[in-house]
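In my numbering, the protein residues as written are 6 to 399.
Here is the structure:
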């Protein structure tokens with residue numbers, strides 16, 4: 006079996022889906038690689054290293070896509086990029102199937118088997134395949150560095166000849182992988198850290214990193230069986246807003262990380278809360294790619310509103326391209342070995358990971374909620390311009 010790697014076209018993207026060390030290990034498992042020339046430049050993986058690891062290096066993406074049985078990507082593909090895929094091939098990439106209905110329909114039409122890395126169940130077995138966690142580690146770490154660089158003050162407490170400088174106060178919203186990494190990084194920089202999460206089960210993890218856990222005085226616990234956050238009740242949201250406004254007002258920096266799978270990121274910080282923050286304080290919104298946790302976030306931009314700097318940076322893992330690529334590549338290695346046997350794909354849909362992550366297969370949409378959305382899209386299409394996708398199947 007041949008897996009293909011092409012250069013990511015997204016502006017500023019430096020990561021690569023497979024690094025040479027992984028290419029070499031996969032070759033021993035009858036999985037060879039074909040890569041587009043210069044695809045690894047941004048992550049300091051030159052063509053010579055790919056060739057030395059046994060990969061075929063092609064000058065253009067057409068040769069890669071034409072010969073690969075499976076294509077590995079870091080970014081959600083565009084409709085134009087789907088059209089470039091060989092019919093019947095396999096795509097392993099982020100998809101966000103509940104937000105990208107037209108994309109799912111196009112993949113089914115192309116008869117591409119789509120494995121969405123953002124839909125891999127968060128189970129013990131799947132931990133080594135979890136790209137969301139590996140890339141969130143990069144985002145959480147770098148977000149605190151961005152906050153520190155934007156603050157007009159020190160992070161740690163300093164005892165100087167000019168007197169003692171009090172440490173910065175940092176609030177982390179969301180204690181998933183990114184949030185926990187942000188807590189650890191802020192603590193290493195010497196800040197006093199508080200963290201909030203709707204999932205009460207993370208309290209022990211937050212406190213183990215030396216942060217204070219901030220929680221709403223309510224019995225509700227907004228966690229799904231899969232370990233993700235879910236949308237809370239209106240009563241809980243009201244109490245949450247009051248609590249966050251109080252803690253934001255005394256914070257120097259805030260890093261937000263809250264996401265709900267398949268939905269717009271929840272707004273945790275309103276404009277009124279921003280008004281109540283100290284002048285010169287900073288918000289780094291890691292949910293900017295899904296419209297943000299702050300009502301004033303502008304995805305892809307840094308703005309100042311009411312004296313507060315709001316960073317809506319996108320694709321933070323690309324800023325740490327070497328290690329982000331290395332971790333993503335190791336995730337891909339484990340996933341490929343789980344999907345294959347003796348170098349061939351084995352689509353066992355009784356397997357929880359394969360069933361959960363496979364969105365389209367043999368021209369059908371397998372993901373139940375995505376299938377419903379594709380069916381609705383078909384019904385809404387004008388009679389003279391139907392959506393060209395086969396019937397959805399669950």
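Each residue gets a CB set at the ideal place from its N, CA and C atoms; glycine is no exception.
Beta carbon of residue i nearer than 8 Å to that of residue j
i, j, result
"residue 340", "residue 31", "no"
"residue 72", "residue 7", "yes"
"residue 291", "residue 148", "yes"
"residue 83", "residue 382", "no"
"residue 38", "residue 28", "yes"
"residue 94", "residue 69", "no"
"residue 55", "residue 65", "no"
"residue 50", "residue 11", "no"
"residue 252", "residue 280", "no"
"residue 113", "residue 297", "no"
Buried/exposed call for residue i, threshold 16 Cβ in 10 Å
i, result
"residue 130", "exposed"
"residue 33", "exposed"
"residue 186", "buried"
"residue 3", "Residue coverage of the chain in this structure runs from 6 to 399, which leaves residue 3 outside it and unanswerable."
"residue 188", "buried"
"residue 202", "buried"
"residue 338", "buried"
"residue 295", "buried"
"residue 317", "buried"
"residue 16", "exposed"
"residue 308", "exposed"
"residue 164", "exposed"
"residue 313", "buried"
"residue 374", "exposed"
"residue 132", "exposed"
"residue 57", "exposed"
"residue 53", "exposed"
"residue 22", "buried"
"residue 167", "exposed"
Contacts around residue i, its chain only, beta-carbon distance under 8 Å, and the 5 residues preceding and following it disregarded
i, result
"residue 162", "169, 170, 171, 172, 195"
"residue 192", "198, 214, 215, 216"
"residue 277", "250"
"residue 142", "182, 183, 186, 332"
"residue 20", "13, 47, 48, 79, 322, 323, 326, 329, 330, 333"
"residue 305", "293, 317, 318, 319"
"residue 272", "297, 298, 299, 300"
"residue 81", "98, 99, 100, 101, 105, 108"
"residue 150", "190"
Contacting residues, own chain, Cβ-Cβ under 7 Å from residue i (five flanking each side not counted)
i, result
"residue 218", "200, 208, 211, 212"
"residue 248", "219, 221"
"residue 179", "202, 261, 262, 263"
"residue 359", "344, 352, 353"
"residue 139", "332, 333, 336"
"residue 5", "For the chain, the structure presents residues 6 to 399; residue 5 sits outside this window and is missing."
"residue 136", "122, 333, 336"
Residue(s) in a DSSP beta bridge with residue i
i, result
"residue 369", "366"
"residue 310", "313"
"residue 100", "DSSP, once it has assigned bridges, lists no residue as partnering residue 100."
"residue 259", "176, 288"
"residue 380", "DSSP lists no partner for residue 380."
"residue 386", "Paired residue(s): none; residue 386 is not in a bridge."
"residue 346", "349"
"residue 163", "170"
"residue 121", "98"
"residue 274", "299"
Own chain, CB closer than 6 Å to residue i, minus 5 neighbours either side, in chain order
i, result
"residue 321", "144, 147"
"residue 111", "84, 87"
"residue 134", "125, 336, 339, 340"
"residue 372", "102, 364"
"residue 362", "120, 121, 124, 125"
"residue 175", "191, 196, 198, 258"
"residue 160", "153, 173, 194, 195, 196"
"residue 177", "184, 187, 188, 200, 260"
"residue 18", "323"
"residue 275", "300"
"residue 356", "none"
Below 8 Å, can you find three or more Cβ-Cβ pairs linking the segment 327 to 341 to the segment 301 to 312?
Judged by Cβ distances under 8 Å, the segment 327 to 341 makes no contact with the segment 301 to 312, as fewer than three pairs qualify.
Should the segment 285 to 294 be called in touch with the segment 255 to 272, which here means at least 3 C-beta pairs below 8 Å?
Touching, yes, given that three or more Cβ pairs across the two stretches are closer than 8 Å.
Touch test, the segment 99 to 113 against the segment 56 to 68, Cβ-Cβ under 8 Å, three pairs minimum:
In short, these stretches do not touch, since the Cβ pair count stays below three.
Sufficient close CB pairs (3 or more, under 8 Å) joining the segment 151 to 166 to the segment 111 to 125:
Flag = no, the segment 151 to 166 and the segment 111 to 125 do not touch.
Kindly confirm or deny that the segment 84 to 91 and the segment 347 to 357 touch, where touching means at least three C-beta pairs closer than 8 Å.
Under the three-pair Cβ rule at 8 Å, the segment 84 to 91 does not count as touching the segment 347 to 357.
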